[in-house]
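Asks:
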């Protein structure tokens, strides 16, 4: 816990800490559950399936392109909107994969990862008196940036059932209303691993249109699906003119530390986002932008082959982990995409997954994250999913297999 400094008595940091469950009643700030679990993994030597980053170096052709960009001298500030080659490559990618026509000059902005694209979008387009609607559970940065903007966070719960976690029309109607300014949609979804169906996306899109709200989509796992195909909301009838689409190279190309993301959409909305973004990082990732541009262009097909192989490998590791979880007594939901699987730990005698996650390193030598960390603190969804745990399988095949073996032993 960190004691408050008297000079920090006022400020938005408290709103962020409160929104993310880190501000105690006495004004002290706790470390995040992510930091706690990572420290626990280091202290105990447990396999860390808590944080979702690969333990591989990334594709060789991409790393070679980055080194070439450094050697070519691309080491100073890149242009504010991003280098022209990367903006053109993003536009070409969207046309090739989804049939979207995007103007790289006015409708694409390169950012310091998807997190900055999302933050700059919320800060640009929402403020006090506005509501921002997300799915729940939600990626933890969403609540923080909504609090920074001074907007109100409303959520649509994802409810577990026989078909995995799904949306309910009544929940959408209850969350989206006349004060809704932004509808932030994450699919493929972290942490549940679902891929929203076209019908679910259409339901959200119609609600946004009825409220005259902007749709902001987080699509960083767009190419990492196992069965269902990802459908961008911007491709649905009537939504292109109100949708900002966010993605990045980090997840697709397994280089999460490079922080090369982008947002595209109508020129006026992108201009609003750029106005804020330029006062956040200004610019970032200069030589990496050149490398990602070459990878997205994919002149020799190396990127397509890498992504296909990565998705297939992840599907195999997912199945290994699912088998281990089931054998150990968990009730998991098979993910349709992303790096993650969530599982109910209640059958192991843990109604609170925080307790389970703190004891799991000692019991099984594995670290995970409680799903409640992705929910409104003390809210209805956090209570409903109190016993659920998130694991990542974006680690080497031997490491995932060993973690699955350890988890399975819980059932012995």
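Numbering (this note's numbering), first residue to last: 920 to 1331. No residue lacks a Cβ here, since even glycine has one placed at the ideal position from N, Cα and C. This structure is a prediction, so every number in the text was calculated from the model and none was measured.
(1) In three-state DSSP terms, what is residue 1082?
(2) Going by C-alpha distance, which of 1190, 938, 965 is nearest residue 1280?
(3) Spatial neighbours of residue 1028 within its chain, please: C-beta separation below 7 Å, excluding the five flanking residues on both sides.
(4) Between the Cα of residue 956 and the Cα atoms of 1286, 1100, 1035, 1121, which residue gives the shortest distance?
(5) Looking at the unbroken alpha helix (DSSP H) that takes in residue 1300, where does it start and where does it end?
(6) Using DSSP bridges, identify the partner residues of residue 1002.
(7) Work out the CA separation of residue 1162 and residue 1043 for me, nearest whole Å.
(8) Under three-state DSSP, which class holds residue 1219?
(9) Only counting the same chain, and skipping five residues up and downstream in sequence, which positions put a Cβ closer than 7 Å to that of residue 1155?
(10) Per the DSSP calculation, residue 1028 is bridged to which residue(s)?
(11) Would you list, in sequence order, the uninterrupted alpha helix (DSSP H) runs of no fewer than 4 residues that lie entirely inside the segment 1031–1117?
(12) Kindly provide the ranges of any beta strand (DSSP E) runs that are 3 or more residues long and lie completely inside the segment 1194–1218, ordered along the chain.
(13) According to DSSP, is residue 1125 part of a helix, a strand, or is it coil?
(14) Please state if the CB of residue 1101 and the CB of residue 1165 are separated by a distance shorter than 8 Å.
(15) Less than 8 Å between the CB atoms is what I'm expecting for residue 1167 and residue 1297, so what's the real figure, rounded?
(16) Would you please state the rounded distance, in angstroms, between the beta carbons of residue 1055 and residue 1252? I believe it to be under 8 Å.
(17) Following the continuous alpha helix (DSSP H) through residue 1290, name the residue where it begins and the one where it ends.
(18) Determine contact between the segment 1306–1315 and the segment 969–989, defined as no fewer than three beta-carbon pairs at a distance below 8 Å.
(19) According to DSSP, what are the bridge partners of residue 1190?
(20) Starting from residue 1282, trace the alpha helix (DSSP H) in both directions and tell me its first and last residue.
(21) Quick one, are the C-beta atoms of residue 1050 and residue 1082 less than 8 Å apart?
(22) Identify which residue in 1227, 1012, 1118, 1104 has its Cα closest to the Cα of residue 1146.
(23) Under DSSP, the alpha helix (DSSP H) around residue 1249 begins and ends at which residues?
(24) Should residue 1152 go down as buried or exposed, given a rule of 16 or more other Cβ atoms within 10 Å for buried?
(25) Going by DSSP, what residue range makes up the alpha helix (DSSP H) through residue 957?
(26) Three or more C-beta pairs under 8 Å: does that hold for the segment 1013–1027 against the segment 1250–1266?
(27) How would you call residue 1173, buried or exposed, if buried means at least 16 neighbouring beta carbons within 10 angstroms?
(28) Could you have a look at residue 1263 and say whether DSSP puts it in helix, strand or coil?
(29) Would you kindly report the start and end of the unbroken alpha helix (DSSP H) that includes residue 982?
(30) Could you check where the beta strand (DSSP E) with residue 1162 kicks off and where it finishes?
Replies: In this structure, then:
(1) coil
(2) 965
(3) 1000, 1001, 1181, 1182, 1189, 1192, 1193, 1196
(4) 1286
(5) 1299–1303
(6) Answer is none; residue 1002 lacks a bridge partner.
(7) 14 Å
(8) coil
(9) 1120, 1121, 1124
(10) 1182
(11) 1032–1044, 1059–1068, 1088–1094
(12) none
(13) helix
(14) no
(15) About 31 Å separates the two Cβ atoms, so there is no contact after all.
(16) Wrong, their Cβ atoms sit about 16 Å apart, outside the cutoff.
(17) Segment: none, residue 1290 is in no alpha helix (DSSP H) and carries neither H nor E.
(18) yes
(19) Looking at the DSSP assignment, residue 1190 forms no beta bridge with any residue, so it has no partner.
(20) 1272–1283
(21) no
(22) 1227
(23) Segment: none, residue 1249 is in no alpha helix (DSSP H) and carries neither H nor E.
(24) buried
(25) 952–963
(26) no
(27) buried
(28) strand
(29) 979–990
(30) 1162–1167
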